[in-house]
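Asks: For reference, each letter of the sequence shown is one residue, going 40 to 369 in our numbering.
Positions of the beta carbon are idealized from the N, C-alpha and C atoms, including for glycine.
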Amino acid sequence: MQSPNKILQMVGIPHLALLSVIFGMMLLSFPIGLFTVFNTDIGNDINFEYPLKDLDIFKTIEFLIPNSIEIGDVFIVLWSIYASLFAIAMFGPKSGFLKILSLNLSRGKFETKSNYMITITKWFSIIILLSIVIDYVQQFFGIPTVPPPIDNNLTQFLYVSLSPIIEEFGFRVILIGLPLFVFYSHKLSFSHFFKSLWSPNHYLHISDHKKSLFLIVFVGVFFGLAHIMTGEPWSEGKLVQASMSGIILGWLYVRFGLITAILVHWGTNYFIFSYANFVSQINEIAIDVAFSHSLLNTMEILFFISGAFSILVVLLDYFNSKKEQKLKIE
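1. Take residue 212 and list the residues in its own chain whose beta-carbon comes closer than 7 Å to its own, dropping the five residues that flank it on each side.
2. Is the stretch 160-170 touching the stretch 71-84, taking contact as three or more C-beta pairs under 8 Å?
3. Is the Cβ-Cβ distance between residue 239 and residue 304 less than 8 Å?
4. Counting only runs that start and end within the stretch 75-147, where is the alpha helix (DSSP H) found for 4 or more residues in a row?
5. Quick check on DSSP: helix, strand or coil for residue 154?
6. Is residue 332 helix, strand or coil when you go by DSSP?
7. Once DSSP output is grouped into helix, strand and coil, what is the label at residue 370?
8. Could you round the C-beta distance between residue 274 and residue 260 to whole angstroms and report it? I think they count as a contact, below 8 Å.
9. Taking all protein chains shown into account, do 16 or more other C-beta atoms lie within 10 angstroms of the C-beta of residue 40, making it buried, or fewer, making it exposed?
10. For the stretch 251-311, which segments carrying the beta strand (DSSP E) assignment without a break, of at least 3 residues, lie completely within its bounds, in sequence order?
11. Given this structure, state the Cα-to-Cα distance separating residue 310 from residue 65, to the nearest angstrom.
12. Excluding the 5 residues flanking residue 357 on each side, which residues of the same chain have their C-beta closer than 8 Å to its C-beta?
13. Does the Cβ of residue 266 have 16 or more other Cβ atoms within 10 Å, making it buried, or fewer, making it exposed?
14. Excluding the five sequence neighbours on either side, which residues of its own chain have a C-beta within less than 8 Å of the C-beta of residue 299, listed in chain order?
15. One question on the structure: do residue 336 and residue 326 come within less than 8 Å of each other, judged by their Cβ atoms?
16. Output needed for residue 73: all residues of its chain with C-beta closer than 7 Å, excluding positions within five of it in sequence on either side, in chain order.
17. I'd like to know whether the C-beta atoms of residue 199 and residue 312 end up nearer to each other than 8 Å.
18. In its own chain, which residues sit with a C-beta less than 8 Å from the C-beta of residue 308, not counting the 5 before and 5 after it?
19. Under DSSP, the alpha helix (DSSP H) around residue 240 begins and ends at which residues?
20. Grouping DSSP H, G and I as helix and E and B as strand, with all else coil, what is residue 180?
21. Take residue 306 as the anchor and find which of 107, 86, 124 and 50 has the nearest alpha-carbon.
22. What are the boundary residues of the alpha helix (DSSP H) that residue 217 is part of?
23. Near residue 244, which residues of its chain fall below 8 Å by C-beta distance, leaving aside the five closest residues on each side in sequence?
24. Residue 40 by DSSP, collapsed to three states: which one?
25. Under 8 Å: do the stretch 84-93 and the stretch 106-115 share three or more Cβ pairs, one atom per stretch?
26. In its own chain, which residues sit with a C-beta less than 8 Å from the C-beta of residue 319, not counting the 5 before and 5 after it?
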């Protein structure tokens, strides 16, 4: 029987090929999103020049928002933040994404832990795969997952683009990062504080992983409940799906840092909706119909297959590391 390491090397090439395709599609989503917002009628009766303070979500703080700030301004700021984080993930933290691909494919090895982007595309595909499976099982038992009603495609696109930053800061940084800093930090300084919130596992000596795991799961379930109890809620079918995503995002935040959690969340929001809205506008169809378009269906199949490979790689990598630890002890 082949060792987990040998199997990992065999699975690695098609897995990296799938991740590279997802990476390319993510990169392409940046101009697609810009084009859709600024060059189509996505908002129907409103466009990117619509005042931000007139949106319902900002009514409670409209007195803080200048009249000159428009939807397009906020979208450009968000777009710039994600583009910057994407560039950081592509080129770091130790080796660039393309360099890692080249080394792995040319040398027949499988080492991917030194680049954020590989982690991001891998766990993005795992979340999509698990979401599809959860939705299929729940529908089998008569539990549908119904999204909140859509008032306007432009404002919806703005909200889903904004939520990764707001929700990762609130659910991950505040509810996970701050408690972990209180539990495990042994020094007080502004620099250490912000570094610990940026990447808890790297800057904090987390000795009790059970405590951090409990915190991740608790906040993840709370994240799921928030989707069905606050704002314009989803149906109850979203609870398990959102809780699963919240737990994975929490673990990614602790293990790899905030940039990974934000961009995986960005993938499930902006990335997918940029293509859906683009297809909707180009073909002049409703966005719910666009999600059934052949392009979106092909993307879903790609993510599903990549997610299956990613889960296999995670399991093989886990068993391989356990085997290496056992050999060191012996």
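Replies: Taking the structure as given:
1. Taking the first residue of the sequence shown as position 1, residue 212 is located at position 173. Within its own chain, the residues whose Cβ lies closer than 7 Å to the Cβ of residue 212, once the five positions on either side in sequence are excluded, are 236 and 297, listed in chain order.
2. Output reads no: the stretch 71-84 does not touch the stretch 160-170.
3. If you number the sequence shown from 1, residue 239 lands on position 200. If you number the sequence shown from 1, residue 304 lands on position 265. No, these two residues do not count as a Cβ contact at 8 Å.
4. The qualifying runs are 110-130 and 136-146.
5. By 1-based counting over the sequence shown, the position of residue 154 is 115. The DSSP-derived three-state label of residue 154 is strand.
6. Taking the sequence shown and counting its residues from 1, the one referred to as residue 332 is at position 293. Reduced to three states, the DSSP call for residue 332 is coil.
7. Within the shown structure, residues of the chain are numbered from 40 to 369, placing residue 370 beyond reach of any answer.
8. Taking the sequence shown and counting its residues from 1, the one referred to as residue 274 is at position 235. Taking the sequence shown and counting its residues from 1, the one referred to as residue 260 is at position 221. Taking C-beta atoms under 8 Å as the contact rule, residue 274 and residue 260 fail to qualify, at a distance of about 17 Å.
9. Counted from its first residue, the sequence shown places residue 40 at position 1. Residue confidence is low: residue 40 scores 43 on pLDDT, short of 50, so the model does not pin down where it sits. Its coordinate-derived value is still stated next. Exposed.
10. The beta strand (DSSP E) runs lying completely inside the stretch 251-311 and spanning 3 residues or more number zero.
11. What you label residue 310 is simply residue 271 of the sequence shown in a count that begins at 1. What you label residue 65 is simply residue 26 of the sequence shown in a count that begins at 1. Looking at the two C-alpha atoms, the distance is approximately 6 Å.
12. Walking along the sequence shown from the start, residue 357 turns up at place 318. Same-chain partners within the cutoff: there are none.
13. Mapped onto the sequence shown, residue 266 falls at position 227. Result: buried.
14. Your numbering for residue 299 matches position 260 in the sequence shown. For residue 299, same chain residues with a beta-carbon under 8 Å away, outside a window of 5 residues either side, are 128, 155, 158, 159, 162, 291 and 292 in chain order.
15. In the sequence shown, residue 336 corresponds to position 297, counting from 1. In the sequence shown, residue 326 corresponds to position 287, counting from 1. In this structure, residue 326 does not lie closer than 8 Å to residue 336 by Cβ.
16. In the sequence shown, residue 73 corresponds to position 34, counting from 1. The answer, listed in chain order, is 118.
17. Within the sequence shown, residue 199 is the residue found at index 160, counting from 1. Within the sequence shown, residue 312 is the residue found at index 273, counting from 1. Yes, the pair counts as a contact, with Cβ atoms nearer than the cut-off.
18. Taking the first residue of the sequence shown as position 1, residue 308 is located at position 269. Residues of the same chain with a CB within less than 8 Å of the CB of residue 308, apart from the 5 flanking positions on each side, are 199, 200, 202 and 203 in chain order.
19. To locate residue 240, count along the sequence shown from 1; it is residue 201. Note, residue 240: alpha helix (DSSP H), 239-242.
20. By one-based count along the sequence shown, residue 180 stands at place 141. Here residue 180 sits in coil by DSSP.
21. Position 267 of the sequence shown holds residue 306. Of the listed residues, the one whose Cα sits closest to residue 306 is 124.
22. As a working mapping, residue 217 is identified with position 178 in the sequence shown. 217-223 is the span of the alpha helix (DSSP H), which, as asked, contains residue 217.
23. Here residue 244 refers to the residue found at position 205 of the sequence shown. Cβ neighbours of residue 244 beyond the five flanking positions: 223 and 225.
24. Here residue 40 refers to the residue found at position 1 of the sequence shown. Residue placement at residue 40 is flagged as unreliable, the pLDDT there being 43, under the threshold of 50; the coordinate-derived value follows with that caveat. Coil.
25. Segments in contact, yes.
26. Numbered from its first residue, the sequence shown carries residue 319 at position 280. The residues are 81, 192, 325, 326, 328 and 329.
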